[in-house]
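Engineer:
Residue numbers (my numbering): 1 to 391.
(1) Locate the beta strand (DSSP E) running through residue 354, then write down its first and last residues.
(2) State the Cα-Cα distance for the pair residue 14 and residue 378, rounded to the nearest angstrom.
(3) According to DSSP, simplified to helix, strand and coil, what is residue 102?
(4) Can you grab the Cα-Cα spacing for the pair residue 320 / residue 82, in whole Å?
(5) On the DSSP bridge assignment, give the partners of residue 310 in chain order.
(6) Compute the distance between the beta-carbons of residue 209 and residue 195, then report whether it is under 8 Å.
(7) Closest to residue 191 by C-alpha separation, out of 324, 364, 34 and 299, would be which residue?
(8) With distance defined between alpha-carbon atoms, name the residue in 275, 206, 261 and 50 nearest to residue 302.
(9) So, helix, strand or coil for residue 383, using DSSP?
(10) With a Cβ-Cβ cutoff of 8 Å, do residue 96 and residue 293 count as a contact?
(11) Got a sec? Which residues, its chain only, sit under 6 Å from residue 400 by beta carbon, not counting five neighbours each side?
(12) Contact check, residue 387 vs residue 325 under 8 Å by CB: the rounded distance?
(13) Out of 61, 9 and 316, which one is the CA nearest neighbour of residue 16?
(14) Distance check for residue 38 and residue 308, CA to CA, integer angstroms please.
(15) Per DSSP, residue 204 is paired with what?
(16) Under 8 Å by Cβ, that's how I've got residue 363 and residue 312 pegged, so tell me the actual separation to the nearest angstrom.
(17) Can you tell me whether DSSP reads residue 248 as helix, strand or coil?
(18) Can you find at least 3 beta carbon pairs, one from the segment 223 to 231 and one from the segment 70 to 81, that sit closer than 8 Å?
(19) Between 12, 36 and 35, which has its C-alpha nearest residue 26's C-alpha?
(20) Can you tell which of 373, 314, 277 and 44 has the C-alpha that lies nearest to the C-alpha of residue 335?
(21) DSSP three-state call for residue 173: helix, strand or coil?
(22) Would you mind reading off the limits of the alpha helix (DSSP H) that contains residue 113?
(23) Which whole-angstrom value is the C-beta distance of residue 117 and residue 103, which I expect to be below 8 Å?
(24) Go ahead and pull the three-state DSSP assignment for residue 374.
(25) Could you check whether the segment 233 to 250 touches the segment 114 to 129, counting it as contact only if at least three pairs of C-beta atoms, one from each stretch, sit closer than 8 Å?
(26) To which residues of the same chain is residue 182 closer than 6 Å at the C-beta, ignoring the five residues directly before and after it?
(27) What's the call for residue 310, buried or exposed, on a 16-neighbour Cβ count within 10 Å?
(28) Can you tell me which of the three DSSP states residue 238 falls into?
(29) Out of curiosity, what's the CA-to-CA distance linking residue 180 and residue 171?
(30) On the three-state DSSP scale, how would you describe residue 319?
(31) Going by C-alpha to C-alpha distance, which of 264, 286 and 355 sits closest to residue 340?
(32) Taking buried to mean at least 16 other C-beta atoms within 10 Å of its own C-beta, is residue 246 buried or exposed?
(33) Do you know whose CA, among 29, 337, 333 and 356, lies nearest residue 345's CA?
(34) Taking its Cβ as the centre, do 16 or more other Cβ atoms sit within 10 Å of residue 31, making it buried, or is it exposed?
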């Protein structure tokens, strides 16, 4: 990749080499396996002496193009593509951790990640301590001799809180911890955790990287030595991304910058509108001056992202009435789509947490998460306004 070009140019122009047909756009390689000219070439490929595709469970031109492109965007050394974001999260943990190891995680994370940390990893004697991202003393108190991995989302899901990546990178280095950052909300266009000291970056490519709610995918990129362990685990256990999904997602990256520009522009205007609405208690958006970590946002993000959280005045029934009055926006648990999505996390994405656990991460019954889409912002605001007014 020619790093002399800008982000947008690299996103469009980085492709694998053309075939003999000299196609302009990368074709799909929908094949389960690959052939060899002779026995020696096949032996060398399986021995790892030459770089050859073997089997699409662990190597395919489409997935390699996607991984190479995202590595360049995140300034990572290597990566691996998974069937879903949660496959990326679980496989990263499973590959790097052993019985007796300890994880330190910010408390505010995706609901399914909570399930992995609370119910699945403990089966293998891997424990987790949750910490409040706003109190740095908590991080120091959480470190034990068995601590190995530090896991955070920033911005967090769904309360849109921020972690100071520079501080956390220094902290992880001091204690010899592997720092893993879920960069799903920001994307590499807005934030590059590796430049602040992260060892690995995870994406649910299902979200903003796809951007149109079409396919599932997950990617982990970062230090080559860690990715080699993740690759070895995943090669045998089979959580790989399909070539078709990789082809779709690589094409999606070509428009990531222009999409995120519009997502951010619309989200900022919506958050400013919500701050003025009499039916709203509070609004959380990184590039609003009222956000508690606004100064941190400006140091590690180039814009505020496409997700807005706000609290609707009244009880949970009013929240339900608000959702029922939405007309144009979508009611679904996904995010990062071209279409604006409205979600009530307490009753959907984080419903498996106890009320006490939700409140510890600022997920109150009044919290509404909006993944702001690419529609005209006036239409987004009009739909949310009429739903607030009629609730």
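Ideal placement from N, C-alpha and C gives every residue a C-beta, glycine not left out.
Structural biologist: So, to answer that:
(1) Careful: residue 354 lies outside any beta strand (DSSP E) and carries neither H nor E.
(2) 36 Å
(3) strand
(4) 35 Å
(5) 283 and 368
(6) no
(7) 299
(8) 261
(9) helix
(10) no
(11) Residue 400 lies beyond the range of the chain shown here (1 to 391); nothing can be said about it.
(12) 4 Å
(13) 61
(14) 57 Å
(15) 218
(16) In fact, because the Cβ distance is near 14 Å, the residues do not count as touching under 8 Å.
(17) helix
(18) yes
(19) 12
(20) 373
(21) helix
(22) 111 to 115
(23) 7 Å
(24) coil
(25) no
(26) 153 and 202
(27) buried
(28) coil
(29) 13 Å
(30) helix
(31) 264
(32) buried
(33) 333
(34) exposed
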